[in-house]
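Asker: Per this note's numbering, the very first residue in the sequence shown carries number 27; after that it's consecutive. Ideal Cβ placement from N, Cα and C applies to all residues, glycine included. Fair warning: this is a prediction, and the values are worked out from it, not measured in the lab.
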Amino acid sequence: HQPQTLLGSDSSELDHPDDRPVIEAAWRRVLAAPETVERVEARVRHADGTWRWAEHVLTNLLDDPDVGGVVVNVRDLSERRRAELELERRSLLDGLTGLAGRRLLLDRITQALVWGRRHGYLTGLVLLDVVDLAATNEALGTAGGDEVLRVLAERLPAAVRQGDSVARVGGGTFAVLLEDMASVEEVRARAATLADAVGGPVECGSRSAVLTLRVGIGHSPAPDAGALLAAAERSLQRADGSRAAGQATDVSHVGTRTRNELATAVVSGQLRLHLQPVVRLDGTMVAAEALVRWQHPQRGLLMPAEFIPLAETSGMILDLGAWVLRESCQQAARWRAAGTPYRVAVNLSPRQLVDGGLVELVSAVLRETGALPEDVVLEVTESALMDDPGAERVLAALHDAGVGVALDDFGTGYSSLTYLKRFPVDTIKVDRSFVAGLGRSADDEAIVASVVSLARAVGKTVVAEGVEDLTQLAVLRRLRVDLAQGYLWSPAVPAVALDSWLAARGTVPDVVASGPVADQEDVERILALHRRGASLHTIAAALNTEQRRTADGRRWTTTTVARVVAGSAAP
Ligand code: C2E
Ligand code: CA
Ligand code: CA
Numbered sequence: 027h028q029p030q031t032l033l034g035s036d037s038s039e040l041d042h043p044d045d046r047p048v049i050e051a052a053w054r055r056v057l058a059a060p061e062t063v064e065r066v067e068a069r070v071r072h073a074d075g076t077w078r079w080a081e082h083v084l085t086n087l088l089d090d091p092d093v094g095g096v097v098v099n100v101r102d103l104s105e106r107r108r109a110e111l112e113l114e115r116r117s118l119l120d121g122l123t124g125l126a127g128r129r130l131l132l133d134r135i136t137q138a139l140v141w142g143r144r145h146g147y148l149t150g151l152v153l154l155d156v157v158d159l160a161a162t163n164e165a166l167g168t169a170g171g172d173e174v175l176r177v178l179a180e181r182l183p184a185a186v187r188q189g190d191s192v193a194r195v196g197g198g199t200f201a202v203l204l205e206d207m208a209s210v211e212e213v214r215a216r217a218a219t220l221a222d223a224v225g226g227p228v229e230c231g232s233r234s235a236v237l238t239l240r241v242g243i244g245h246s247p248a249p250d251a252g253a254l255l256a257a258a259e260r261s262l263q264r265a266d267g268s269r270a271a272g273q274a275t276d277v278s279h280v281g282t283r284t285r286n287e288l289a290t291a292v293v294s295g296q297l298r299l300h301l302q303p304v305v306r307l308d309g310t311m312v313a314a315e316a317l318v319r320w321q322h323p324q325r326g327l328l329m330p331a332e333f334i335p336l337a338e339t340s341g342m343i344l345d346l347g348a349w350v351l352r353e354s355c356q357q358a359a360r361w362r363a364a365g366t367p368y369r370v371a372v373n374l375s376p377r378q379l380v381d382g383g384l385v386e387l388v389s390a391v392l393r394e395t396g397a398l399p400e401d402v403v404l405e406v407t408e409s410a411l412m413d414d415p416g417a418e419r420v421l422a423a424l425h426d427a428g429v430g431v432a433l434d435d436f437g438t439g440y441s442s443l444t445y446l447k448r449f450p451v452d453t454i455k456v457d458r459s460f461v462a463g464l465g466r467s468a469d470d471e472a473i474v475a476s477v478v479s480l481a482r483a484v485g486k487t488v489v490a491e492g493v494e495d496l497t498q499l500a501v502l503r504r505l506r507v508d509l510a511q512g513y514l515w516s517p518a519v520p521a522v523a524l525d526s527w528l529a530a531r532g533t534v535p536d537v538v539a540s541g542p543v544a545d546q547e548d549v550e551r552i553l554a555l556h557r558r559g560a561s562l563h564t565i566a567a568a569l570n571t572e573q574r575r576t577a578d579g580r581r582w583t584t585t586t587v588a589r590v591v592a593g594s595a596a597p
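#1: Counting along the chain, where does the alpha helix (DSSP H) carrying residue 564 start and finish?
#2: Report, in whole angstroms, the separation of the C-beta atoms of residue 39 and residue 476, which I expect to be a contact under 8 Å.
#3: With C-beta atoms as the reference, is residue 501 less than 8 Å away from residue 469?
#4: Indicate the three-state DSSP secondary structure (helix, strand or coil) for residue 526 in the structure shown.
#5: Leaving out five residues before and five after residue 331 in sequence, what residues of the same chain have Cβ atoms less than 8 Å from its Cβ?
#6: Given residue 208, which residues of its chain have a CB within under 8 Å of its CB, disregarding the five upstream and five downstream residues?
#7: Would you check if the distance between the CB atom of residue 600 and the CB atom of residue 261 is smaller than 8 Å?
#8: Can you give the beta carbon distance from residue 107 to residue 195, rounded, assuming they're within the 8 Å contact cut?
#9: From residue 101 to residue 448, what does the alpha carbon distance come to, in whole angstroms?
#10: Please check if any C-beta of chain B sits within less than 8 Å of the C-beta of residue 404.
#11: Are the stretch 33-51 and the stretch 60-70 touching, with three or more C-beta to C-beta distances below 8 Å?
#12: Among residues of its own chain, excluding the 5 on either side of residue 352, which ones have a beta-carbon nearer than 8 Å to its beta-carbon?
#13: Which residues does DSSP pair with residue 200 in a beta bridge?
#14: When the Cα of residue 13 is compared with those of 584, 461 and 573, which residue comes out closest?
#15: Starting from the N-terminal side, write out each stretch of the beta strand (DSSP E) that is 3 residues or longer and does not extend beyond the stretch 458-493.
#16: Any residue with its Cβ nearer than 5 Å to a heavy atom of ligand 2 should be included. What is that list in chain order?
#17: For residue 96 and residue 484, I'd like the C-alpha separation in whole angstroms.
#18: Could you tell me which of 437, 399 and 463 sits nearest to residue 427, measuring between CA atoms?
#19: Counting pairs of beta carbons, one from the stretch 416-423 and one from the stretch 454-474, are three or more of them closer than 8 Å?
#20: Starting from residue 405, trace the beta strand (DSSP E) both ways and give me its first and last residue.
#21: Compare the Cα-Cα distances from residue 348 to each of 361, 327, 389 and 131 and report the closest residue.
#22: How about residue 486: is its Cβ closer than 7 Å to a heavy atom in ligand 3?
#23: Taking buried to mean at least 16 other C-beta atoms within 10 Å of its own C-beta, is residue 498 buried or exposed?
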């Protein structure tokens, strides 16, 4: 809208009819007392006729002689709102199976509890968990393991009654919500039927696996959805092995062996710490993320996906995590002693946060190794924070002690932009699934842009994960993301390899200097002008006039334009 078209008009005519009650209520509250401030989010009609989400801040300045009115500030929120809706949509469904995810399940449990209370039904929750998913992955490969989960996801809806909700709540764990049970016995009976219906042999390509499921149940009364799910998860933990015992299969057999081997690995020096540089967008390294590998005597170098899930279910993660923390702090102390105090980021598993003693462990390891609190960043996921109320306190304590805390995989869990400022973290790591779409998906860009603008507002640092190409880098620069990591600079490598790069060049390999040059938009612009016969000089001048910059932030020159033209001529 132009100011003159609005002058003298009634602003409420621009409000969305559905949002008028909210706005009117805000007005009532604001008018009730001088100096009251009210903030509401509501839709406003844009000059182009569409509805836009906007923040309205109403301030009662009736008593202020200079104003004598109510001041309303309206700010367009549509980008942020769009990002929020997109995040929400993605977080509700499980990417692998298309079933409901954990958060959607929690919503449904909440509704079921209310409905059950009102109508006198018991709410039951059955969890079915693939015993030794790690061993399945090992026997069939990760793709085979995923296939097995998809097969289960297809069998489950066929085995439930209409109206029962099915969800995937974690690695190999599925949930079925039973809304109208008469008794706990009925929940138990249904659980047994379900396990029989979906367990058993699974064909996976030419291989077949016999799957054993553990079963856990929870039922009302429960104070809330989270408590019901937690009760079912505890019952699942207690079921550990009991069903598997009678039905030992090849798959669970491999699992037991791997479990023992992993215990040996931790104490006998088979774990390796690899480090991935975290860089500013000009390529200078500021930190490194510790990523653990297992040098298996027979199977070679194993990646975390092949053993961390097993470490988590077997409790071994506590020893493994302590080992990683100690190694990481040693590395940080070495860098500090060498006069290059890079921070080291350490991944924490949720178990480490809830099992107690983390604060003590961290301070003991710092003392032992001589690293300083500010040399360490602990990475946690949103779900670790949301699922356990104690986790937030533990992190806050570490944070107060000067240790850095980062929110990992942002966008894959609960992903509330609104909660972002509340978490006791100083860094947000945008998950690589969003980074992957930069330059191709406007939704991904809107999400990253919103994370950055919110992070700015509350003084948090943003790291983009999984940066693989220059198009992504160009967008990240435009969005003013602070830090990044990814194969574009380096995968995780042993400390010696990282050190020799740093010694040789003072920086990690600088891909940008040798590579090309522009984001996709500029490339297309350049090629179009080139086709119309514009000289390199004219093209460079045109881009510079529009304040466009090359991927490394410089003004265009005939050389960089030539590089784009030449690059696109190559096969
Ligand atoms: P994460 O914390 O999200 O770590 C990033 C993962 O992305 C790493 O995989 C890394 O190698 C990979 N990555 C980095 N840059 C790129 C890229 O440009 N493209 C692609 N496609 N991938 C990239 P990795 O090392 O296999 O680790 C997987 C996960 O295992 C980690 O995810 C983390 O959740 C877990 N993990 C690793 N080390 C530890 C540990 O010491 N303790 C715990 N609890 N978890 C760990
Ligand atoms: Ca991480
Ligand atoms: Ca991550």
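Answerer: Reading off the structure:
#1: Its alpha helix (DSSP H) spans residues 562-571.
#2: 29 Å between Cβ atoms; not a contact.
#3: Residue 501 places its beta carbon 8 Å or farther from that of residue 469.
#4: Annotated three-state conformation of residue 526 is helix, per DSSP.
#5: Here the set comprises 163 and 168.
#6: By the criterion of a C-beta distance shorter than 8 Å, residue 208 is surrounded in its chain by 147 and 148, once the five residues flanking it on both sides are discounted.
#7: No statement about residue 600 is possible, as the shown extent of the chain runs from 27 to 597 and does not include it.
#8: Not quite, the Cβ-Cβ distance comes to about 28 Å (not below 8 Å), so this is no contact.
#9: When rounded, the distance between both Cα atoms is 22 Å.
#10: Judged by its chain identifiers, the structure shown contains no chain B, having just a single protein chain.
#11: Judged by Cβ distances under 8 Å, the stretch 33-51 makes contact with the stretch 60-70, as three or more pairs qualify.
#12: Counting only Cβ-Cβ distances below 8 Å, and skipping sequence neighbours, we find 391, 394 and 395.
#13: The partner list for residue 200 (beta bridge, DSSP) reads 154 and 194.
#14: There is no way to answer for residue 13, as the model of the chain reaches only from 27 to 597.
#15: Segments of the beta strand (DSSP E) lying fully in the stretch 458-493: 487-490.
#16: Spelled out in chain order, the answer is 373, 405 and 434.
#17: Near 28 Å, if we compare the C-alpha coordinates of residue 484 and residue 96.
#18: Of 437, 399 and 463, the smallest CA-CA separation from residue 427 is found for 399.
#19: They do not touch, by the three-pair rule.
#20: DSSP places residue 405 inside the beta strand (DSSP E), whose first and last residues are 402-407.
#21: Comparing Cα positions, the closest option is 389.
#22: Outside the cutoff, so no.
#23: Residue 498 counts as buried, since at least 16 other C-beta atoms from the protein chains shown sit within 10 angstroms of its C-beta.
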